[in-house]
Amino acid sequence: QSALTQPASVSGSPGQSITISCTGTSNDVGEYNYVSWYQQHPGKAPKLMIYEVSNRPSGVSNRFSGSKSGNTASLTISGLQAEDEADYYCSSYATTNTKVFGGGTKLTVL
Amino acid sequence: EVQLLESGGGLVQPGGSVRVSCAASGFTFDSYSMSWVRQAPGRGLEWVSTISTRGGSIYHAESVKGRFAISRDNSKNTLYLQINSLRGEDTALYYCAKGMESGWYYLDFWGQGILVTVSS
Chain A
5 QSALTQPASV SGSPGQSITI SCTGTSNDVG EYNYVSWYQQ HPGKAPKLMI
55 YEVSNRPSGV SNRFSGSKSG NTASLTISGL QAEDEADYYC SSYATTNTKV
105 FGGGTKLTVL
Chain B
3 EVQLLESGGG LVQPGGSVRV SCAASGFTFD SYSMSWVRQA PGRGLEWVST
53 ISTRGGSIYH AESVKGRFAI SRDNSKNTLY LQINSLRGED TALYYCAKGM
103 ESGWYYLDFW GQGILVTVSS
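Protein chains in written order, with this note's numbering: chain A, 5 to 114; chain B, 3 to 122.
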């Protein structure tokens, strides 16, 4: 199972909005609405930010939103804050009961 | 408060074996699927294995099939990963993670990880 494709890096200034894309195939993102997004700060465990394409777990800021179109899912962070600087990973359920992650995107807040 | 505490890693020789464990607390352990996810140094996340609530369903990544075995002991609230025939590329931080009721593929709580280093 190949990894989902994410940009290696994105950046934005405080207060701006950014979007991270996550491209899969018809075997994962395109077939199922089982996309999730994780935030990982250096030296820390990942944290679930979005599940089921666009749902936020309790406690996650509403500045984080998710969407999907075809084989591509997206994570948008609005009102960028310094604390948002981290690595972000998308993930999807894939055929034959497997799970695949994207390669990760490093977000820099300028 | 949900807590997941991994243990059992360390330095292992190529071809060797190791078992990592994850002690869970703060939730009804036998009501949720559990997974292992690994992260090689400086690399991204890689899903490894998942086990259902009672162990009746087990899923493995293709890259570890035949070498890794996931199991759980609900009486001890503990998740295990037996890793055999270790290779250099298995060197990684191994995280245990709790699945959600919405689906085993959503991991809402993670441990801090345990490092397994494969080297002679």
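C-beta: ideal position from N, C-alpha, C; glycine also.
Residues that residue i bridges to, as DSSP identifies them
i, result
"A/G106", "A/L8"
"A/Q43", "A/K51 and A/Y92"
"B/W112", "B/A99"
"B/E8", "B/C24"
"B/G105", "B/M102"
"A/T29", "Per DSSP, none; premise fails for A/T29."
"A/N37", "DSSP lists no partner for A/N37."
"A/T112", "A/S15"
Chain B within 8 Å of residue i, Cβ atoms only
i, result
"A/V104", "yes"
"A/L111", "no"
"A/G70", "no"
"A/E56", "yes"
"A/G16", "no"
"A/D108", "Position check: residue 108 of chain A holds Gly in this sequence, whereas Asp was assumed. Chain B, which has a Cβ nearer than 8 Å to the Cβ of A/G108, makes this yes."
"A/Y92", "no"
"A/N66", "no"
"A/N101", "yes"
Cross-chain neighbours of residue i in chain A, by beta carbon under 7 Å
i, result
"B/W38", "The premise fails here: B/W38 is roughly 11 Å from chain A at the closest Cβ pair, so nothing lies under 7 Å."
"B/E48", "F105"
Any chain A beta carbon closer than 8 Å to residue i
i, result
"B/A2", "This structure gives no information on residue 2 of chain B, because the portion of chain B shown stretches from 3 to 122."
"B/A63", "yes"
Bounding residues of the beta strand (DSSP E) (the contiguous stretch that carries residue i)
i, result
"A/G16", "S13 to G16"
"B/S87", "First-last for B/S87: undefined, no H or E at that position."
"A/Q20", "Run containing A/Q20: none; DSSP gives neither H nor E here."
"B/L117", "I116 to V120"
Where residue i meets chain A, residues with beta-carbon distance less than 9 Å
i, result
"B/Q114", "K48 and A49"
Partners in chain A for residue i, counting only beta-carbon separations shorter than 8 Å
i, result
"B/Y34", "Correct list: empty, because the minimum Cβ distance to chain A is about 14 Å."
"B/Y97", "A49 and P50"
Proximity test, residue i beta-carbon vs the ligand MG heavy atom, cut-off 7 Å
i, result
"B/K78", "Although the ligand MG was asked about, the structure shown includes no ligands whatsoever."
Proximal chain B residues relative to residue i, where beta-carbon distance stays under 7 Å
i, result
"A/L52", "Y108, L109 and D110"
Amino acids of chain B, ordered along the chain, whose beta-carbon sits closer than 9 Å to that of residue i
i, result
"A/P61", "M102, Y108 and D110"
Residue i: contacting residues in chain B (beta-carbon distance under 8 Å)
i, result
"A/S40", "Y107, Y108 and L109"
| request: Could you pull out every unbroken beta strand (DSSP E) segment of at least 3 residues lying fully inside the segment 10-81 of chain B, listed in chain order? | output: 12-14, 20-27, 36-41, 47-53, 60-62 and 70-75
| request: With a floor of 3 residues, list each beta strand (DSSP E) that falls wholly inside the segment 64-102 of chain A, ordered by position along the chain. | output: Runs of the beta strand (DSSP E) inside the segment 64-102 of chain A: 68-73, 76-81 and 90-98.
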